[in-house]
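Peer 1: Okay, handing you the structure first.
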Amino acid sequence: MARRRRSRLRILVDILQSIERESGVRITQILYSANLPYDRLVRYLNELKEKGLIKEVREEGAVKYFLTKKGFEFLSEFRRIERFAEAFGIEL
Amino acid sequence: MRFILTLTLGTNAIGALILFSISYLSFKALKMTKVRFFLFLFLGFSILGVDSFLKAVIFSILLATPAPRVVMYVSTLTLSILSTLAEVFAYILIALGYTDYFRSYGKLFLAAPIVPVLAVHLSGLIIAIFLLLYIVFQAFTAYVHSRKRNQLLVMVGFSTILLSRILRLIAITAFSDSLFIASNLVYFAGLLCFLIVVLMVTRSGKETKV
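Keeping their order, the protein sequence lines are chains Y and Z. Add 63 to a position in the first sequence, counting from 1, and you land on the number used in this note's numbering. Add 133 to a position in the second sequence, counting from 1, and you land on the number used in this note's numbering.
Next up, the structure:
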């Protein structure tokens, strides 16, 4: 069965999950973890920042990303929806 | 007769809550994911929920008012027919959702015709049974693919509802009160499977570290 391309939502969730796994993560780590080209990743990170799901902090001369409270809540809600969708055989 | 009305009232009242829970989760899923399948699921389960709720309301009115037996029979028969039509419409929507979703994934062999040609000539209940067969097949395919517990529950839920509709059909043709009661109880058992899914989905606690 052919695998579908990742949806935009799935990409955003993959980014959030890679930030969640390791609090205070650099962009290069997200790049490999979320498997995205650099320019697209930057666009998604800006979108997540605007939505208040992540925050950018300068630490020891490096830019690091953290999940906000809203970001954690969003992931929690997504996982609930994912379990619900999975029950009906729907892949998100 | 009063016992049947009371039983139907109880199962429909609780059933409405369960069905509205599924439609609420479907709405939340639709809002977050924009996947069209959830729109069909939301509409389908909302119609089923409204149907159950209205049955509960009407049965409670019938129980409360001292209507003559013939009025009660005519009322319940009319309600039954309207309810069957609503159910058929709801199952069409849910079946449409599965067809739309699997077609978009290129799983064309699963996008079978929603309403078999033969079912056009048959009553609403038989149409519902055919639609439920299709829905059960989709749910079964989903379960066989991944073998997750929540998928098994959805499959069992729809299968149990299908069984209840078959029992209801036999009950109507055989004029059997006991089979009618059994069909109600089996339908309710099917809804309990969906209740478990709702409880499993909404359980609290994060899965990964904060």
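Glycine included, each C-beta is placed from N, C-alpha and C at the ideal position. None of the values given here were measured: they were computed from a predicted structure.
Would you identify the three-state DSSP class for K161/Z, choosing helix, strand or coil?
Peer 2: In this structure, K161/Z counts as helix in the three-state DSSP scheme.
Peer 1: Sort R143/Y, R103/Y, F137/Y, E122/Y by Cα distance to E83/Y and report the nearest one.
Peer 2: If we check each option's Cα against that of E83/Y, F137/Y comes out closest.
Peer 1: Whose C-alpha, out of L152/Z, S309/Z, L264/Z, is nearest the C-alpha of I225/Z?
Peer 2: If we check each option's Cα against that of I225/Z, L264/Z comes out closest.
Peer 1: Leaving aside the five residues before and after F270/Z along the sequence, list all residues of the same chain whose C-beta is less than 6 Å from its C-beta, in chain order.
Peer 2: Excluding sequence neighbours, F270/Z sits near nothing in its chain.
Peer 1: Give the single residue among R89/Y, L75/Y, L72/Y, V76/Y whose Cα lies nearest to the Cα of V120/Y.
Peer 2: Of the candidates R89/Y, L75/Y, L72/Y, V76/Y, the one whose C-alpha sits nearest the C-alpha of V120/Y is R89/Y.
Peer 1: So, with DSSP's three-state summary, where would you put R142/Y?
Peer 2: In this structure, R142/Y counts as helix in the three-state DSSP scheme.
Peer 1: Taking the CB atoms as reference points, tell me whether K133/Y and L116/Y lie closer together than 7 Å.
Peer 2: Contact: yes.
Peer 1: Can you give me the Cβ contacts of L195/Z inside the same chain, cut-off strictly under 7 Å, excluding the 5 residues immediately before and after it?
Peer 2: Excluding positions up to five away in sequence, the list reads L138, M205, S208.
Peer 1: Can you list the residues of chain Y that V287/Z reaches, using a CB-CB cut of under 7 Å?
Peer 2: Chain Y residues near V287/Z: A150, F151.
Peer 1: With distances taken between CB atoms, is the gap from V319/Z to S292/Z smaller than 7 Å?
Peer 2: Cβ atoms of V319/Z and S292/Z: not closer than 7 Å.
Peer 1: Could you tell me which chain Y residues have their CB closer than 8 Å to the CB of T335/Z, listed as they occur along the chain?
Peer 2: The contacting residues are R143.
Peer 1: Might you give, ordered along the chain, the residues of its own chain that have their beta carbon closer than 8 Å to the beta carbon of V70/Y, omitting 5 neighbours on each side?
Peer 2: It is worth fixing the name first, because residue 70/Y is Ser in this sequence and not Val. Answer for S70/Y: L155, listed in chain order.
Peer 1: For a contact defined as C-beta to C-beta under 9 Å, what are the partners of F129/Y on chain Z?
Peer 2: Near F129/Y there are no residues of chain Z at all, since even the closest Cβ is about 11 Å away, more than 9 Å.
Peer 1: Can you give me the start and stop residues for the beta strand (DSSP E) that A200/Z sits inside?
Peer 2: No beta strand (DSSP E) contains A200/Z, which DSSP labels as neither H nor E.
Peer 1: Using a Cβ-Cβ cut-off of less than 9 Å, give me the residues of the segment 168-196 of chain Z that come near chain Y, in sequence order.
Peer 2: Listed by position, the residues of the segment 168-196 of chain Z near chain Y (Cβ gap below 9 Å) are V168, F170, F171, L174.
Peer 1: Per DSSP, what kind of secondary structure is L99/Y in: helix, strand or coil?
Peer 2: Reduced to three states, the DSSP call for L99/Y is coil.
Peer 1: Which of the three DSSP states is assigned to F308/Z in this structure?
Peer 2: Correct three-state label for F308/Z: coil.
Peer 1: Is the segment 309-319 of chain Z close to the segment 163-176 of chain Z, with three or more CB pairs under 8 Å?
Peer 2: No, the segment 309-319 of chain Z does not touch the segment 163-176 of chain Z.
Peer 1: Note the first and the last residue of the continuous beta strand (DSSP E) segment covering F129/Y.
Peer 2: Counting along the chain, the beta strand (DSSP E) containing F129/Y begins and ends at 125-130.
Peer 1: Helix, strand or coil: which one does DSSP assign to V168/Z?
Peer 2: The answer is coil: DSSP assigns V168/Z none of H, G, I, E or B.
Peer 1: For chain Z, check one thing: does any of its Cβ atoms lie closer than 7 Å to the Cβ of L111/Y?
Peer 2: L111/Y does not count as touching chain Z.
Peer 1: Under three-state DSSP, which class holds R236/Z?
Peer 2: Looking at R236/Z - three-state DSSP - the assignment turns out to be helix.
Peer 1: Under 7 Å, CB to CB, which of the residues in the segment 141-170 of chain Z have a partner in chain Y?
Peer 2: Hits within the stretch, in order: L158, K161, A162, M165, T166, V168, F170.
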